[in-house]
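Just so we're on the same page, this note's numbering is the position in the sequence shown counted from 1, plus 110. Cβ atoms here follow ideal geometry from the backbone N, Cα and C, with glycine treated the same way. Bear in mind the structure is a predicted one, so any value in this text is a computation, not a measurement.
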Amino acid sequence: MISLKDVTILTGIVDEERISTEKSELFCYSRDLGNSIPDELLKAYGMLGPDVVILPENTEEISAILSYAYENDIPVTTRGGGSWALGGALPMDGGIVIDMGKLNEIKTVNKGDGYVTVGAGLTWKRLMDNLVSHGLMVGAHPSSSVSATIGGFLATGGGAGTGVPQYGTVGDQVLSLTVVRADGNVIRTDPWSSWLFVGSEGTLGIITEATLKVFTLQKLQHYLFYFDSIESGTDVLQKLSEIRPYQLSFLDRGFLYLLNQAGEHCLVKELAVAVSISGSPEELKLKSEKIEKICAAGQQQPDYVARDEYENRFRIGLVFKCLGPSLFVQEIRVPLRFIGKVVKDISTLLKGYTWGIESLGSDTGSIVLSVMILGDEREEIEYLRTFSLSANFGALAAKYCGTVYGIGLHNAVAMRGIHHEGLDRMREMRLTLDKRNILNSGKTTYPRIPVLFVAMFMFMMKTVPFLVRFMLDTMKYVPIGLLRFGLSIVGGKIK
Numbered sequence: 111m112i113s114l115k116d117v118t119i120l121t122g123i124v125d126e127e128r129i130s131t132e133k134s135e136l137f138c139y140s141r142d143l144g145n146s147i148p149d150e151l152l153k154a155y156g157m158l159g160p161d162v163v164i165l166p167e168n169t170e171e172i173s174a175i176l177s178y179a180y181e182n183d184i185p186v187t188t189r190g191g192g193s194w195a196l197g198g199a200l201p202m203d204g205g206i207v208i209d210m211g212k213l214n215e216i217k218t219v220n221k222g223d224g225y226v227t228v229g230a231g232l233t234w235k236r237l238m239d240n241l242v243s244h245g246l247m248v249g250a251h252p253s254s255s256v257s258a259t260i261g262g263f264l265a266t267g268g269g270a271g272t273g274v275p276q277y278g279t280v281g282d283q284v285l286s287l288t289v290v291r292a293d294g295n296v297i298r299t300d301p302w303s304s305w306l307f308v309g310s311e312g313t314l315g316i317i318t319e320a321t322l323k324v325f326t327l328q329k330l331q332h333y334l335f336y337f338d339s340i341e342s343g344t345d346v347l348q349k350l351s352e353i354r355p356y357q358l359s360f361l362d363r364g365f366l367y368l369l370n371q372a373g374e375h376c377l378v379k380e381l382a383v384a385v386s387i388s389g390s391p392e393e394l395k396l397k398s399e400k401i402e403k404i405c406a407a408g409q410q411q412p413d414y415v416a417r418d419e420y421e422n423r424f425r426i427g428l429v430f431k432c433l434g435p436s437l438f439v440q441e442i443r444v445p446l447r448f449i450g451k452v453v454k455d456i457s458t459l460l461k462g463y464t465w466g467i468e469s470l471g472s473d474t475g476s477i478v479l480s481v482m483i484l485g486d487e488r489e490e491i492e493y494l495r496t497f498s499l500s501a502n503f504g505a506l507a508a509k510y511c512g513t514v515y516g517i518g519l520h521n522a523v524a525m526r527g528i529h530h531e532g533l534d535r536m537r538e539m540r541l542t543l544d545k546r547n548i549l550n551s552g553k554t555t556y557p558r559i560p561v562l563f564v565a566m567f568m569f570m571m572k573t574v575p576f577l578v579r580f581m582l583d584t585m586k587y588v589p590i591g592l593l594r595f596g597l598s599i600v601g602g603k604i605k
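Shown next as C-alpha cells:
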C-alpha cells in the first residue's frame with residue numbers, strides 16, 4: 111500500500127496534474143479490453159488494483175519513478191493503450207500504474223536512411239498518418255493501431271498484424287530501444303539486444319523510445335474472395351502466404367453472419383479471404399496474376415469492396431460487440447498447413463455458442479486466429495461456462511503445433527507447456543534485471559494461480575458453474591489480504 115509520503119514524493123517527480131489517486135480513475139486503470147471478466151474472478155487472482163496513476167512525459171521522469179519504486183519495493187505496472195484482453199496491463203499487486211500516453215512525440219523522421227525515432231506512447235495510427243506526408247510507411251502494425259501504442263505492440267511481441275507477412279514481426283523492424291530498467295537505470299539497445307525486451311510484456315524494463323525501420327510508401331492492391339467451403343478457402347491460405355503479401359486474413363461464416371447482424375453488408379459464405387499486396391508495378395502485376403490463379407475457386411469481389419474491407423480493418427473486430435453485450439476473445443497461433451483442421455475443431459468445441467473467427471497475418475507460415483464468442487456477463491452462470499473454454503484453446507493449438515498468442519495474466523499458466531526448460535532461463539533473466547520483482551509482477555513468467563488449481567477451476571466452471579458462482583460470491587466477504595496469503599501458500603506468485 112502506497113503511503114501519503116510516497117504520493118507526495120512521486121508528485122515532486124512529475125506534478126499534481128499528472129498524478130491521481132481518484133477512485134474513479136483507479137478503477138479505469140484496473141481494466142483492459144477484457145473488461146467483462148467478473149470482479150470476483152479478478153479478486154480470486156488476488157488483484158489489488160492501482161494505488162496511484164502517473165502520466166510521465168519523458169524518460170527521465172520514468173527513471174526517477176522507477177528508482178524510487180525500486181528503493182521502496184513498490185510494484186509498477188506499465189500501460190499503453192489498454193487494447194489487449196489478456197490482463198497484461200492490470201496492476202495485480204497494487205502500487206503504481208505508469209500511463210505512457212504522454213510520451214507520444216515523433217522525434218525524428220529520416221527518409222534518407224529509412225528510420226524514425228518516436229516515443230513509446232505514440233499510437234501506431236498517428237505515426238502511420240504522419241509518415242504518409244513523408245512518402246513513408248511502417249512495416250508491421252497491429253489491428254488495434256488506432257489505440258495501440260508503439261511500446262505496447264513491441265512489449266507484447268508484435269508477431270501478427272498488417273504488414274507482418276511481408277516485413278516480418280515488429281521486432282524485425284527495431285533498430286534501437288531506450289529502456290528504463292527496474293532500478294531506474296537507462297539503457298539503449300542495438301538491434302540484437304532489443305530482442306530481449308520485445309515480447310517481454312513489461313517485465314524486464316519499460317520501453318520509453320524506439321527507433322524503427324520505415325519503408326518507401328508503396329501502392330497497395332487489395333483482393334477479397336468468398337469461398338463456399340472451408341476446405342477450398344483454407345487451402346489457398348498457405349499458397350497465398352508464399353507470395354509474401356502485405357496482409358493476409360480471413361473471416362469465417364460465423365463472423366460474417368454477426369457482421370450482418372450488426373448492420374454491415376457481407377455475403378455469408380463459409381470463408382472470406384482478404385489479401386493485400388504492395389510493391390512496384392511489375393511486382394504488383396506478377397503477384398496479382400498468382401493471386402487470381404490461386405483463388406480461382408473463389409468468388410472475387412469488386413476492387414472497391416476489397417479496398418473497403420482493408421480500410422475498415424481497425425474497427426471490424428469489435429463491430430458486433432453490441433450483440434453480446436459481452437465479448438470473450440481467445441487468440442491462438444497455428445501453422446497455416448493445419449488451418450482447415452483447426453477451424454473444424456473450433457466449430458466442434460463451440461457448438462451451441464455464438465461465435466466467429468477473424469485472423470491476423472503472421473510470419474513463418476503461421477496465422478493468428480482471434481476467436482470471438484458473444485456472451486452476456488449479466489447471465490453469470492452461462493458466462494462462467496463460456497469463460498471456461500479458454501483452457502481448451504491452448505490444448506487445441508498445441509495439438510496442431512501451435513500456441514496461445516500472448517501471455518499476460520490469463521495465459522501465464524501455459525508458459526511451461528510452451529517453453530519447457532526455457533521458462534527457467536526466462537525467470538533467471540527476469541530476476542537478474544529486476545531482483546525485487548517490481549515490474550508487472552505476477553504475470554507472464556509466473557502463473558498467478560498454480561496450474562493444477564487453474565485446471566480444476568476451469569473444469570468446475572464447465573461442469574458445475576453454479577458452484578463456482580457460489581464460491582465467487584463467498585469471496586466477496588473474504589478479505590483480499592487473506593486471499594493473497596492463501597495464493598502464496600499454494601504456490602501462486604504474489605508480491
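1. Starting from residue 430 and walking both ways along the alpha helix (DSSP H), at which residues does that stretch end?
2. Would you kindly work out how many angstroms separate the C-alpha atoms of residue 383 and residue 237, rounded to a whole number?
3. Using the C-alpha atoms, what's the distance from residue 428 back to residue 566?
4. Based on DSSP bridge pairs, tell me the residues matched to residue 357.
5. Which same chain residues end up closer than 6 Å to residue 289 when comparing Cβ atoms and leaving out the 5 residues on each side of it in sequence?
6. Look at the Cβ atom of residue 501, then the Cβ atom of residue 439, and state whether they are nearer than 9 Å.
7. Would you mind giving the Cβ-Cβ distance between residue 365 and residue 468, rounded to the nearest angstrom? I have them listed as a contact below 8 Å.
8. Should the region 161 to 168 be called in touch with the region 124 to 132, which here means at least 3 C-beta pairs below 8 Å?
9. Could you check the C-alpha separation between residue 361 and residue 491 for me, to the nearest Å?
10. Where residue 401 and residue 350 are concerned, what is the direct C-alpha to C-alpha distance, given to the nearest angstrom?
11. Quick one: is residue 542 buried, meaning 16 or more other Cβ sit within 10 Å of its Cβ, or exposed?
12. Can you find the residues in the same chain that come closer than 6 Å, C-beta to C-beta, to residue 608, ignoring five residues on each side of it along the sequence?
13. Residue range of the alpha helix (DSSP H) that residue 540 falls in?
14. Assuming residue 341 and residue 450 are in contact, meaning their beta carbons sit under 8 Å apart, how far apart are those beta carbons, in whole angstroms?
15. Quick check: what's the CA-CA separation for residue 436 versus residue 246?
16. Starting from the C-beta of residue 212, find all residues in its chain whose C-beta is less than 7 Å away, skip the five residues before and the five after it, and write them out in chain order.
17. I need the DSSP call for residue 445, collapsed to helix, strand or coil.
18. In terms of residue numbering, what span does the alpha helix (DSSP H) encompassing residue 413 cover?
19. Here's the rule I'm using: 16 or more other beta-carbon atoms within 10 Å means buried, otherwise exposed. How should residue 161 be labelled?
20. Would you list the residues sitting across from residue 323 in a DSSP beta bridge?
21. May I ask you to report which of helix, strand or coil DSSP gives residue 580?
22. Write down every uninterrupted run of the beta strand (DSSP E) in the region 166 to 221 whose length is 3 residues or greater and which is fully enclosed by it, in chain order.
23. Please report the distance separating the alpha-carbon of residue 535 from that of residue 499.
24. Please look up how many angstroms separate the CB atoms of residue 334 and residue 416, rounded, as I've assumed it's under 8 Å.
25. Taking the alpha carbon of residue 260 as the reference point, which residue from 218, 204, 291 and 320 has its own alpha carbon closest?
26. Which one of 113, 309, 157 and 207 has the shortest CA to CA distance from residue 585?
27. Within its chain, find whatever has a CB closer than 6 Å to the CB of residue 409; leave out the 5 residues flanking it on each side and keep chain order.
28. Helix, strand or coil for residue 465, going by three-state DSSP, please let me know.
29. Would residue 605 pass as a contact of residue 547 if the rule is Cβ separation under 9 Å?
30. Give the DSSP-derived three-state secondary structure of residue 476 in the structure shown.
Checking against the coordinates, here is how it stands:
1. Premise fails: residue 430 is in no alpha helix (DSSP H) and is neither H nor E.
2. 28 Å
3. 31 Å
4. 386
5. 297, 307, 315 and 317
6. no
7. 6 Å
8. yes
9. 29 Å
10. 7 Å
11. exposed
12. A question about residue 608 goes unanswered here, because the residues of the chain that appear run from 111 up to 605.
13. 532 to 543
14. 6 Å
15. 38 Å
16. 165, 166, 167 and 231
17. strand
18. 413 to 421
19. buried
20. 225
21. helix
22. 186 to 189, 206 to 209 and 216 to 220
23. 30 Å
24. 4 Å
25. 320
26. 157
27. 336
28. strand
29. yes
30. strand
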